[in-house]
Amino acid sequence: MKNSIKAVFVIIGTVIGAGFASGQEIYSFFNVYKENGILGIIIASILISLVIYNVLKSSNKLNVDSYSNLLERINLPQKVIYMISLIINLFLLVSFYIMVTGFAAYFKQEFNIPKIITTIVISILSYITFMSNIDGIAKINSIIIPILILIIFVMGFKSNITNTILDVNLNNISFNFNWILKSIEYAGYNTILLIPMLINLKKYTVNNEKKVATISGLIFFIITIIIFMIMFKFSDIGNIEIPLTYIASKYGSLYKYAYGIVIIFAIYTTLISAGYGFLTNCTKNKKSYKKLALIMCIFSLFANNFSFSELVNITYPVFGILGVIQLIFITFKNINCQKLLKK
-14 MKNSIKAVFV IIGTVIGAGF ASGQEIYSFF NVYKENGILG IIIASILISL VIYNVLKSSN
46 KLNVDSYSNL LERINLPQKV IYMISLIINL FLLVSFYIMV TGFAAYFKQE FNIPKIITTI
106 VISILSYITF MSNIDGIAKI NSIIIPILIL IIFVMGFKSN ITNTILDVNL NNISFNFNWI
166 LKSIEYAGYN TILLIPMLIN LKKYTVNNEK KVATISGLIF FIITIIIFMI MFKFSDIGNI
226 EIPLTYIASK YGSLYKYAYG IVIIFAIYTT LISAGYGFLT NCTKNKKSYK KLALIMCIFS
286 LFANNFSFSE LVNITYPVFG ILGVIQLIFI TFKNINCQKL LKK
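Under the numbering used here, the first residue of the sequence shown is numbered -14, with each subsequent residue one higher.
Here you go:
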């Protein structure tokens, strides 16, 4: 059970990044559709849980050690493997740099600290963490994620989300292509980030795949609904870089800075997951791993020239569509994988 919980914390830490914790993702993918966003969150949570289960089950039984290895074992054409691997690695790299911009944006917005300073700090911390292995990353997440979840619950309680839930008008829900597609996109791009990390969690998930997937999906659903409800009654936050910090400030400095901890933790855990996934996918030995990690962290110094909210709103939907294509391949080809498992 202890290993399962560690795996769950790593998974949640991977999904809850700067875009999620800041409110940018939830607002763009769900809140803009009002009540329909609730169903969108349900769909996204179910899809993410299914992908977690399928990938863990397949990678554990087939004993694969990389994403490309998994794709080969489920009998995808070589050209398709190359394209999907390229998409995965590009998204992981972009996600790493988005987390860097999110970190810099937070300290610029709240403390007016020049972005270059905070970018240097997070780059150094990232490199130090990358020198650790999956055990170190799991240990970090086991400490950070419970704190993060607790603060989100406190914020939900402070904003009276129970009253907000009672005010939700279910009659406003209507089935249309837009919000359904957005929820699938959201699940799609999260699977791009998740899958490489899931493969590295073998030692924590063997024979517990269903438990890990179910708990992860449930926690993800609950904290997403809380954030959705916190922002539900606000209509003036669309152009704010970090909307949830803006909302928290309305409850006082204590809540503002407490939620700032959530932002920082969320950025850090996803940044590490994205970077670690990219590095393990693109290197074959420790020497090349360390060299690429150093190069990647140095180039992050240029990330502060971009707007965090623009990066989230432009790149995530694009990668979401690509993630959906990957999700389809993984789901249907998993049938072939199950046949292999029986042999």
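Ideal Cβ placement from N, Cα and C applies to all residues, glycine included.
Short Cβ contact (8 angstroms threshold) for residue i with residue j
{"i": "THR254", "j": "GLY(-2)", "result": "yes"}
{"i": "LEU256", "j": "MET140", "result": "no"}
{"i": "PRO181", "j": "GLY245", "result": "no"}
{"i": "VAL49", "j": "LEU179", "result": "no"}
{"i": "ILE211", "j": "ILE146", "result": "yes"}
{"i": "LYS167", "j": "PHE5", "result": "no"}
{"i": "LEU186", "j": "ALA(-8)", "result": "yes"}
{"i": "THR104", "j": "ALA89", "result": "yes"}
{"i": "VAL0", "j": "ASN175", "result": "yes"}
{"i": "LYS112", "j": "LEU239", "result": "Looking at the sequence itself, residue 112 is Tyr, so the reference to Lys does not match. Not closer than 8 angstroms, so no."}
{"i": "SER285", "j": "SER108", "result": "yes"}
{"i": "ILE158", "j": "GLU57", "result": "no"}
{"i": "LYS196", "j": "SER(-11)", "result": "yes"}
Other residues of its chain near residue i: CB distance less than 6 angstroms, five sequence neighbours each side excluded
{"i": "SER44", "result": "LEU55 and ILE184"}
{"i": "PHE(-6)", "result": "ASN126, SER127 and ILE130"}
{"i": "ILE119", "result": "ASN185"}
{"i": "THR209", "result": "ILE26"}
{"i": "ILE225", "result": "TYR231"}
{"i": "ALA243", "result": "ILE136"}
{"i": "PHE250", "result": "ILE129 and LEU133"}
{"i": "ILE320", "result": "Any reading at ILE320 must be qualified, since the residue scores a pLDDT of 46, below 50, and its modelled position is unreliable; the value itself is stated next. Around ILE320: no qualifying Cβ."}
{"i": "ASN193", "result": "SER(-11)"}
{"i": "PHE287", "result": "none"}
Spatial neighbours of residue i in its chain, beta-carbon cut-off 7 angstroms, leaving aside the 5 residues before and after
{"i": "LEU277", "result": "LEU264, CYS267 and THR268"}
{"i": "SER201", "result": "VAL(-7), ILE(-4), ILE(-3), SER34 and ILE37"}
{"i": "VAL309", "result": "ILE169, GLU170 and GLY173"}
{"i": "GLY260", "result": "PHE81, SER111, PHE115 and MET281"}
{"i": "VAL247", "result": "ALA6, LEU133, ILE136 and ILE137"}
{"i": "LEU155", "result": "GLU20"}
Residues near residue i in its chain [Cβ-Cβ closer than 8 angstroms; skip 5 each side]
{"i": "ASN163", "result": "TYR18"}
{"i": "PHE25", "result": "Here the sequence assigns Gly to residue 25, which means Phe is not the residue at that position. Closer than 8 angstroms at the Cβ level, and outside the excluded window around GLY25, lie PHE14, PHE15, TYR18, TRP164, ILE165, LYS167, SER168 and TYR171."}
{"i": "PRO99", "result": "LYS93"}
{"i": "ILE122", "result": "VAL(-5), THR114, ILE257, SER258 and TYR261"}
{"i": "PHE219", "result": "PRO228 and ILE232"}
{"i": "ILE222", "result": "GLY8, TYR12, MET216, PRO228, TYR231 and ILE232"}
Exposure label - residue i; buried when at least 16 CB within 10 Å
{"i": "ILE229", "result": "Going by the sequence as given, residue 229 is Leu instead of Ile. LEU229 comes out buried."}
{"i": "LEU32", "result": "buried"}
{"i": "TYR12", "result": "buried"}
{"i": "LYS235", "result": "exposed"}
{"i": "MET116", "result": "exposed"}
{"i": "SER80", "result": "buried"}
{"i": "ILE101", "result": "exposed"}
{"i": "LEU78", "result": "buried"}
{"i": "TYR52", "result": "buried"}
{"i": "ILE283", "result": "exposed"}
{"i": "GLY237", "result": "exposed"}
{"i": "ASN39", "result": "buried"}
{"i": "SER30", "result": "buried"}
Rounded distance between the beta-carbons of residue j and residue i, thought under 8 angstroms
{"i": "THR190", "j": "LEU41", "result": "5 angstroms"}
{"i": "GLY22", "j": "PHE213", "result": "6 angstroms"}
{"i": "THR149", "j": "PHE96", "result": "Actually they are not in contact, since the Cβ atoms of THR149 and PHE96 sit about 30 angstroms apart, beyond 8 angstroms."}
{"i": "ILE177", "j": "ILE72", "result": "7 angstroms"}
{"i": "SER144", "j": "ILE207", "result": "Not quite, the Cβ-Cβ distance comes to about 15 angstroms (not below 8 angstroms), so this is no contact."}
8 angstroms Cβ cutoff, residue i in contact with chain C
{"i": "THR255", "result": "Chain labels in this structure do not include chain C; a single protein chain is all it has."}
Original post:
Which runs of the beta strand (DSSP E), 3 residues or longer, sit entirely within the stretch 103 to 190?
Top reply: As far as the stretch 103 to 190 is concerned, it has no whole beta strand (DSSP E) run of at least 3 residues.
**OP:** Would you mind listing the alpha helix (DSSP H) stretches within the stretch 4 to 60 that are 4+ residues and don't spill past its ends, in chain order?
**Re:** 9 to 14, 21 to 47 and 52 to 58
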